[in-house]
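Following the working numbering, the numbering of the sequence shown begins with 15 at its first residue and continues without gaps.
Every residue gets a Cβ at the ideal spot worked out from N, C-alpha and C, and that includes glycine.
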Amino acid sequence: MKSFSLAPFALLAALTALGGCVALDNYPSKGDARPHPGVEAARSYPIQGIDISRWQGEIDWASVKAAGTRFVYIKATEGGDHIDPAFLRNWEGARRAGIPRGAYHFVYWCRPAHEQAVWFKQHIPNDPDALPPVLDLEWNGHSKTCPKKVERSLALEKIRLMLTELEQLTGKKPVIYTDITFHKDILEGEFNDYPYWIRSTAAKPEVRYHNRPWAFWQFTTTGRIPGIKGDVDRNAFYGNEGEFAGWREGRFDIGTRTWTRERKVPPQPSPGPEHTPVATMPGASRTIAAAAFQPAPLGQVVDDATTPESE
C-alpha cells in the first residue's frame, strides 16, 4: 500500500476551522499588507492585474510578469499640464516584459475638458497593442488648487467630451475608473454602455454600487507583488480568458458584454461628379474624404493639481 502524508489534510482542517475565510487566489505570488475579508472573492477571478504610477518607484518588470500579472494600467497625465514622470519608463518596462498595458488620465475638474483631452493625446504613445485608455473620475478633494466639487451637469459634460476625444484618438472605447463617492454623486445611471473600473476595498461591488455592472474591480490598495516595493493596487477582470482576449482584440465589448462581428465592406460606387467617395479610417470613429479614389478589383476588401490622487 502507498504511504501518504497527513499534512494536506491537516491544512484543509485548519482552513475549515477558519470558517472558509481563505479564498482561492489566482495570483498566488501576490499578497496584501492589510487584507479585508469583504473582498476575498476578488482573488478568485482568473484575470488579475495592477495599476501603478511614479509612487511605485523603480519596478522589476520581469518579476512582475513572472508573478502572473495579466495587465497593468499606468498613470500618464493629470489635468492639462502634469505628466507622471515615470510614465514612459513604466510603459516601456511593461512592454519589454510582455505585459498588456494601458494609460490612464486623472481628471482635474478646474481645467477645460478639451485641454485635458489634448494633453493626454500629446503624451501617450500611439501603440496599436495598448489597452483602451482610462478616465480616472474622482473628486480632487486633497488638491490645494481645485478641492471643490462641480455641478453634476458640468461634470457630465466634461466626461462626455473626454470620452469622445479619447475614443477618436485610439479607436477604442475608453474605460471609466471611479470610486464610491463620485459614482453616487455623478455617474449613477450614466454612461451605461461604457466599461466601468470601480474601487471597492471593503465589500463586493454590488454592495457599494447601485445597479452597476463592472469590468474591473480594484479591491485593495495595499497589495504586495514581487518586483514592486511597498503598496500596489490589485485589480480583477470580471470575465474569463476568452472574454479578456476578445476585449484586447476588439471583438468583445466589455461595457455591453456583447461580441461584435466584423462588418463586411459594402460595394464602393463608381466615382462621379456628384459623388465624393469616402474612405473609413481604420480603428477610428471618423471618416475622411478620399482625394483620389481608385476602386479595388471586384471582390477585393480594402497638472494644475499639486497633490497626487490616492493610488
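Distance check between residue 180 and each of 213, 132, 204 and 163 places 132 closest, using alpha-carbon atoms only.
Excluding its 5 nearest sequence neighbours in each direction, residue 60 has C-beta neighbours in its own chain below 6 Å: 40, listed in chain order. Residues of the same chain with a CB within less than 8 Å of the CB of residue 75, apart from the 5 flanking positions on each side, are 107, 108, 110, 111, 113 and 241 in chain order. Judged by DSSP secondary structure, residue 189 falls outside any alpha helix (DSSP H) and instead within the beta strand (DSSP E) spanning 189-192.
Just so you know, the alpha carbons of residue 228 and residue 192 end up roughly 11 Å apart. With fewer than three CB-CB distances shorter than 8 Å, the region 219-227 does not count as touching the region 160-177. Pairing residue 220 with residue 127, the inter-Cα distance amounts to about 30 Å. In the structure shown, residue 46 falls within a strand segment according to DSSP collapsed to helix, strand and coil.
At the C-beta level, residue 250 and residue 62 come within 8 Å of one another. For residue 91, the number of other beta carbons within 10 angstroms of its own is at least 16, and it is reported as buried.
With fewer than 16 neighbouring CB atoms inside 10 Å of its own CB, residue 271 falls in the exposed class. Between the region 253-270 and the region 93-103, the count of C-beta pairs closer than 8 Å stays below three; the two stretches do not touch.
The alpha helix (DSSP H) runs lying completely inside the region 147-233 and spanning 4 residues or more are 166-184 and 219-222, given in chain order. With 16 or more other CB atoms across the displayed protein chains lying within 10 angstroms of its CB, residue 257 is buried.
For residue 249, the uninterrupted beta strand (DSSP E) segment begins and ends at 242-251. Pairing residue 178 with residue 129, the inter-Cα distance amounts to about 13 Å. Minimum Cα-Cα distance from residue 44 among the listed residues 247, 274, 268 and 261 corresponds to 247.
For residue 273 and residue 64, the gap between their C-alpha atoms comes out near 25 Å.
In this structure, DSSP gives residue 123 a state outside helix and strand, which the three-state scheme calls coil. With a contact defined as Cβ atoms closer than 8 Å, residue 152 and residue 196 qualify at about 5 Å.
Nearest Cα to residue 190 within the set 99, 183 and 174: 174. Judged by their CB atoms, residue 55 and residue 238 are not nearer to each other than the 8 Å cut-off.
Excluding sequence positions up to five before and after residue 105, its CB lies within less than 7 Å of the CB of 88, 115 and 139, all in the same chain and listed in chain order.
Of all alpha-carbon atoms in 147, 101, 84 and 214, the one lying nearest the alpha-carbon of residue 187 is that of 147. With contacts defined by Cβ atoms closer than 8 Å, residue 215 and residue 234 form a contacting pair. For residue 260, no beta strand (DSSP E) run applies; the uninterrupted alpha helix (DSSP H) run containing it begins and ends at 255-262, by DSSP. In this structure, residue 150 sits near residue 120, with a CB-CB distance shorter than 8 Å. Inter-residue distance for residue 259 and residue 143 is about 12 Å (C-alpha atoms, whole angstroms).
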